[in-house]
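A quick write-up on the structure given underneath.
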């Protein structure tokens, strides 16, 4: 039996249950002619007449009774399978795969992982930390988390957490021998500790003041692909670092680091969770609602 025959068989069963082609069509939300066509094709493929038709009544033929009797239980199994599959969509459970960059994981996810696990014990959260730009659909993820400018345009996105700000910092000792810069063009006279996203790309230093914008790649002293190593290096007086303020706010408060060019480093939209379609699983809806609420 091919797939088309199965479709025709399901329509045949509906006609039997409803007692007429027209009411079956209404239940299936298709045209009556489509019902007649399906039953006709099924009769043609079997080489038998399934209904005894008159202008006033519709009854099963002997062959129709046999077909209904022999296939009814199998059709119930198929229907149960469909219903079970639909139920998983509304059940807050199962495997949930999220791809996120390290910074988002550290600041908006990690502080609440315990609370999330307690709130949703039937969800298995597979959180993959990856600073590359990943196609979440091809890679089999339910959703991704990135800063807004990195979110693919065809995705549905929701903000998670507040705005972010990058700050340019160095130690007081570093500034003893290197005058603090006041303008992006002065960075060419400084040593830079750069963060590497991947093999091909380092983090670009972008500055903005009103309508003025500068993109700067200062002389590299160090290129590191780990955020904590960047922080360690700047604390060891190796140069200037341009990092999310969240990473260094304690060091700034303690006087270990000094912010410079603050008027060139405005805040910007922070992290967004994004996914490919509006009709989402209940587990993903729970994840999004939970972490948005906890990061307000």
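Numbering (UniProt numbering), first residue to last: 1 to 296.
Every residue gets a Cβ at the ideal spot worked out from N, C-alpha and C, and that includes glycine.
Because the structure is a prediction, the values reported are computed rather than measured.
Leaving aside the five residues that flank residue 52 on each side, the residues in its chain whose CB is nearer than 6 Å to its CB run, in chain order, 59 and 61. Our two residues, residue 92 and residue 207, have alpha carbons roughly 43 Å apart in a direct line. Below 8 Å, enough C-beta pairs join the region 212-224 and the region 180-191 to call them touching: three or more. Secondary structure note for residue 5: its alpha helix (DSSP H) is the uninterrupted segment 3-18.
Here DSSP, grouped into helix, strand and coil, assigns residue 228 to helix. Rounded to whole angstroms, the gap between the alpha carbons of residue 250 and residue 279 is 41 Å. Cβ contact annotation for residue 102 (same chain, cutoff 8 Å, sequence separation greater than five): 129, 131 and 227, in chain order.
Put simply, of 136, 265, 161 and 180 the residue whose alpha carbon is nearest the alpha carbon of residue 277 is 136. In the displayed model, residue 272 falls within a strand according to three-state DSSP. In its chain, beyond the 5 residues on either side, 160 have a beta carbon closer than 6 Å to the beta carbon of residue 292. Using a 10 angstroms sphere on the CB of residue 267, the tally of other CB atoms stays under 16, which defines it as exposed. Secondary structure of residue 151 (DSSP, three-state): coil. Contact check between the region 154-172 and the region 238-247: three or more CB pairs, one atom from each, fall below 8 Å, which counts as touching.
Taking the Cβ atoms as the reference, residue 35 lies roughly 6 Å from residue 15, within the contact range of under 8 Å.
In this structure, the beta-carbon distance from residue 273 to residue 252 does not fall below 8 Å. Taking all protein chains shown into account, residue 144 has 16 or more neighbouring C-beta atoms within 10 Å of its C-beta and is therefore buried. Residue 229 holds the alpha-carbon nearest to the alpha-carbon of residue 247 among 236, 237, 229 and 262. Its Cα nearest to that of residue 77, the residue 10 stands out among 5, 146 and 10. With contacts defined as CB atoms closer than 8 Å, residue 94 and residue 124 qualify as a contacting pair. Per the coordinates, the alpha-carbon of residue 224 lies some 47 Å from the alpha-carbon of residue 86. Boundaries of the beta strand (DSSP E) around residue 206: 205-209. Apart from the 5 residues on each side of it in sequence, residue 22 sits with its Cβ closer than 7 Å to the Cβ of 32 in its chain, given in chain order. Runs of beta strand (DSSP E) with 3 or more residues, each lying fully within the region 150-182, are found at 156-159 and 166-170, listed in chain order. When the alpha-carbon of residue 57 is set against those of 45, 39 and 19, the nearest one is in 19. Excluding its 5 nearest sequence neighbours in each direction, residue 113 has no C-beta neighbour in its own chain below 6 Å. At least 8 Å separates the beta-carbon of residue 284 from that of residue 126. The three-state reading of DSSP puts residue 101 in coil, since its state is none of H, G, I, E or B. In this structure, the straight-line span from the alpha carbon of residue 255 to that of residue 173 is close to 11 Å. Assigned with DSSP and collapsed to three states, residue 243 falls in strand. When secondary structure is reduced to three states using DSSP, residue 193 falls in the strand class. Secondary structure note for residue 53: its beta strand (DSSP E) is the uninterrupted segment 51-53. The criterion of a C-beta distance shorter than 8 Å is not satisfied by residue 38 and residue 73.
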